[in-house]
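Written out below as structure tokens is the structure these notes cover.
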Amino acid sequence: MDLSLMNRAQYEAITTTEGPVLVMAGAGSGKTRVLTHRIAYLIEEKDVPSYNILAITFTNKAAKEMKERVDKLIDDDTSKMWISTFHAMCVRILRRDIDKLGYDRSFSILDTTDQLNVVKDVLKSMNIDQKQYPPRQFLNAISNFKNALITEKEAKENAYDFREKLNADIYTSYQEILYRNSALDFDDLIMLTIQLFQKDEAILNYYQTKFQYIHVDEYQDTNHAQYQLVYMLSQKYENICVVGDSDQSIYKFRGADIMNILNFEKDYDNVKTILLEENYRSHQRILDAANNVIENNTSRVPKNLVTSRGKGEKITSIVSQNEREEGQRVVKQIQKLKNEGYRFNDMAVLYRANSQSRAIEDALVKSSLPYNMVGGMKFYQRKEIKDLMSYMKVVLNIHDDIAMERIINTPKRGIGPKTIDTLKQHANALNSSIYDAIKDADFIGLSKKNAENLAQLLSVLENLKEKSKFMSITDLVDEILHDTGYLNMLIRENTLESNSRIENLEEFKTVTKEFDETHTIGDELLFDFLSDMALVSDQDSVDDTDAVTLMTIHASKGLEFKVIFIVGLEEGLFPSYRSMDTEEELEEERRLMYVAITRAMERLIISRATSRTIFGRTNNAMESQFWSEIPADLVEGESLISVYDGRSSNSKKRPRSKSQVFTDNSGVTFNVGDKVTHKTFGDGMITAINGSGDSEELDIVFSKVGPKRLLAKFAPIEKKG
DNA sequence: CGTAGCAGGTTTTTT
DNA sequence: ACCTGCTACG
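Take the first sequence: its letter number 505 is residue 504 in numbering that gives the first Met the number 0, and every next letter is one higher.
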């Protein structure tokens with residue numbers, strides 16, 4: 000195995016295979032390369048069976064990539080090696096033994112929407128006003144409990160005030176419902192695995208013995224439960240290698256504990272710590288920007304990235320009047336870079352919140368540029384996909400009431416809320432499921448018509464269950480859509496919307512086909528498919544068409560692009576106003592900025608608008624503090640060619656008024672004393688305001704040309720800082 | 001029971 | 001501006 004191209008630190012990290020190793024890997028320092036070579040080194044040079052190796056990543060995408068890269072490095076069979084996400088690993092462990100905790104081995108996995116519905120049900124049964132107590136908050140509380148490995152009982156014991164008691168009560172009821180349905184949420188996957196290990200030492204011992212060499216990627220993003228899980232697994236051999244970068248910790252909001260990486264040296268004995276500081280990704284100017292920004296964080300271990308790649312181009316800055324113009328100017332810049340020889344594939348537009356994507360998308364569509372959006376309105380969250388998957392869930396586990404409730408009246412079977420309520424109450428009383436309640440239909444006073452409809456549904460479902468054992472997922476999808484009348488419902492509707500739903504269901508079959516190609520028909524098939532689906536995110540869908548990538552900064556972690564656009568660099572948006580209360584939260588935002596900058600290899604474009612519409616309200620937007628943390632001598636402002644040059648293909652559709660050709664300040668509030676910049680007059684200050692609305696006039700004294708009176712709405716001026 | 005039309009909240013990030 | 005959930009009517 001050839002390690003001659005590694006630097007000294009990388010070589011150390013790869014060959015120090017015994018004992019705990021902490022690799023502090025700066026952005027772009029080749030950490031994936033180190034991990035893959037280390038695994039290959041274990042197998043090829045140390046003759047470790049691949050069966051004894053575990054590598055945990057944070058996303059499916061990272062797991063897949065790691066698997067592929069290891070496969071390329073060695074000839075051995077790697078199929079026995081576990082390279083997976085925390086959640087996928089836990090599903091695999093629980094699938095074997097979760098019955099020891101009283102759950103069905105065909106458990107289902109809830110997504111956030113399902114979870115929210117359960118909480119809402121609980122609130123309803125407790126007569127709690129959902130306006131006063133938003134269900135989301137309870138969901139967060141439950142997630143926090145689970146991430147901290149606090150059981151319902153412990154939560155109750157430690158509840159002192161009313162709210163804590165309420166949280167604990169709702170947690171308890173929520174967990175009862177999940178248990179009864181053999182349903183697990185994401186956090187349960189981790190917590191129950193730990194409970195399983197605690198309950199049954201033989202099982203823990205089995206995995207401790209199996210996983211002699213453990214690797215954890217992105218260790219700075221682990222929460223307490225994940226930390227505990229890794230700790231338990233590593234106790235027998237203590238060959239554990241964690242890789243991470245505390246400067247890239249951006250998941251505190253969902254329980255990630257940066258102390259896990261900072262305390263690693265205390266938590267394990269004889270830790271060998273290796274620092275990877277040489278950056279192989281970015282040009283020096285980009286790194287300078289990143290270093291200067293992150294230096295403003297006080298609670299961090301000082302670290303400076305250096306690169307041997309060239310100085311590179313200056314960072315380009317774009318300042319626009321509003322988000323629409325921002326979109327157009329980003330597109331202009333994309334076209335320019337395309338002409339310079341970059342491919343669309345080389346470029347990504349990053350933003351803080353998904354809602355920002357729309358303006359960028361609009362501009363891309365208008366210019367007919369190809370783009371790929373990750374996240375946002377997710378494919379798997381679309382109604383028709385969720386309905387279909389709910390049918391599949393019920394076929395797998397007929398007692399899954401959460402899925403059952405979703406499909407019991409879709410397509411319409413005349414089963415309204417009242418009937419469902421009756422069924423649920425009956426199920427509750429008997430501590431059983433809706434399915435069992437339907438079987439008792441004659442007892443519980445359902446109308447004859449209802450009972451008939453329900454019996455009909457059950458026979459369809461039971462029939463599908465039998466069929467499911469002998470067919471591929473794709474065939475099962477066809478059967479479900481046909482037998483349940485779902486497809487017919489959409490065909491009969493025959494609206495634009497229903498047709499697009501049919502298309503989406505067709506699209507879904509490309510996913511099932513891909514799955515079918517790699518799996519054999521049998522009892523496990525449906526379970527495997529559904530748990531796969533629950534754990535994949537849309538980011539995992541790889542698209543190799545040449546297109547610009549649009550995504551949130553969070554989604555971009557671990558990726559790199561030659562050209563990176565960071566848009567919406569405005570105070571309140573990025574950093575988010577919700578994160579500006581405490582220094583701690585602000586520092587996490589700054590790490591997010593650091594992650595964004597360090598995705599760029601060659602070119603970085605930063606962009607902001609001076610006014611932005613959120614919730615249909617237009618507000619002034621000040622320059623982000625992160626923008627000003629980038630040294631000015633690294634930055635070059637884009638030359639201000641008007642982008643409203645009328646050549647845009649859609650301009651016919653809605654002829655622009657004069658105000659839009661130049662400037663539209665409507666929505667911007669000016670005050671006496673505001674400092675402004677005029678396109679031609681330069682800097683000045685507002686000394687008086689006359690009139691209001693569209694006829695509002697501003698008296699401005701310019702330092703170069705003296706006093707002027709301008710119409711507020713159309714004046715090409717911008718407020719400063 | 002089903003639907004249309006309105007009111008109110010919503011936007012941080014995700015396995 | 002958009003989505004969800006509620007209400008009033010058919």
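Where a beta carbon is used, it is the ideal one built from N, C-alpha and C, also for glycine.
Below 8 Å between beta carbons: does that hold for residue i and residue j?
i, j, result
"Gly751", "Thr612", "The displayed coordinates of the chain run from 0 to 720. Any statement about residue 751 would go beyond what the structure contains."
"Ala426", "Asp400", "yes"
"Val608", "Ala620", "For clarity, residue 608 is Ala in the given sequence; the question names Val instead. Yes, Cβ-Cβ distance for Ala608 and Ala620 is below 8 Å."
"Phe564", "Val348", "yes"
"Leu41", "Tyr206", "no"
"Lys512", "Thr473", "yes"
"Asn344", "Asp545", "yes"
"Gly311", "Glu67", "no"
"Ser606", "Glu325", "yes"
"Ile721", "Leu460", "Because the chain in this structure spans residues 0 to 720, residue 721 falls outside the shown range and cannot be described."
"Val292", "Arg95", "no"
"Ile127", "Leu183", "no"
Which residues bound the alpha helix (DSSP H) around residue i?
i, result
"Glu485", "Rather than Glu, the amino acid found at residue 485 in this sequence is Tyr. 485-492 is the span of the alpha helix (DSSP H), which, as asked, contains Tyr485."
"Ala450", "447-467"
"Ser530", "524-534"
"Ser298", "Element bounds for Ser298: n/a, residue is neither H nor E."
"Ser142", "134-146"
"Asn59", "59-72"
"Ser627", "624-627"
"Ser610", "Run containing Ser610: none in the alpha helix (DSSP H); it sits in the beta strand (DSSP E), 610-613."
"Ile169", "161-179"
"Asn670", "Element bounds for Asn670: n/a, residue is neither H nor E."
"Asn126", "Per DSSP, Asn126 belongs to no alpha helix (DSSP H) and is neither H nor E."
"Lys265", "263-266"
"Tyr218", "That residue, Tyr218, is in no alpha helix (DSSP H); it is neither H nor E in DSSP."
Would you call residue i buried or exposed, if buried means 16 or more other Cβ atoms sit within 10 Å of its Cβ?
i, result
"Asn290", "buried"
"Asp186", "buried"
"Val329", "buried"
"Ile406", "buried"
"Asp386", "buried"
"Gln129", "exposed"
"Asn259", "buried"
"Ile716", "buried"
"Asn462", "exposed"
"Tyr226", "buried"
"Met125", "exposed"
"His481", "exposed"
"Leu4", "exposed"
"Pro19", "buried"
"Gln234", "exposed"
Which of the three DSSP states is assigned to residue i in this structure?
i, result
"Ala39", "helix"
"Ile52", "strand"
"Glu200", "helix"
"Ile92", "helix"
"Gly243", "strand"
"Glu44", "coil"
"Ser107", "strand"
"Arg323", "helix"
"Ser233", "helix"
"Lys209", "helix"
"Val20", "strand"
"His282", "coil"
"Thr84", "strand"
"Asp644", "Any reading at Asp644 needs caution, since the residue's pLDDT is 35, under 50, leaving its predicted position unreliable; the model's value is listed next. Coil, per DSSP."
"Ala255", "strand"
"Val318", "strand"
"Ser356", "helix"
"Leu100", "helix"
"Glu276", "coil"
"Ile472", "helix"
Could you give the residue range of the beta strand (DSSP E) that holds residue i?
i, result
"Arg351", "Unbroken run through Arg351: none, as it is neither H nor E."
"Gly636", "634-636"
"Met372", "370-372"
"Asn619", "616-619"
Quiz item: In chain order, which continuous runs of the beta strand (DSSP E) of length 3 or greater are located wholly inside the region 382-435?
Solution: none
Practice problem: Let me know the alpha helix (DSSP H) ranges lying completely inside the region 550-602, each 4 residues or longer, listed in chain order. | Solution: 552-555, 582-597
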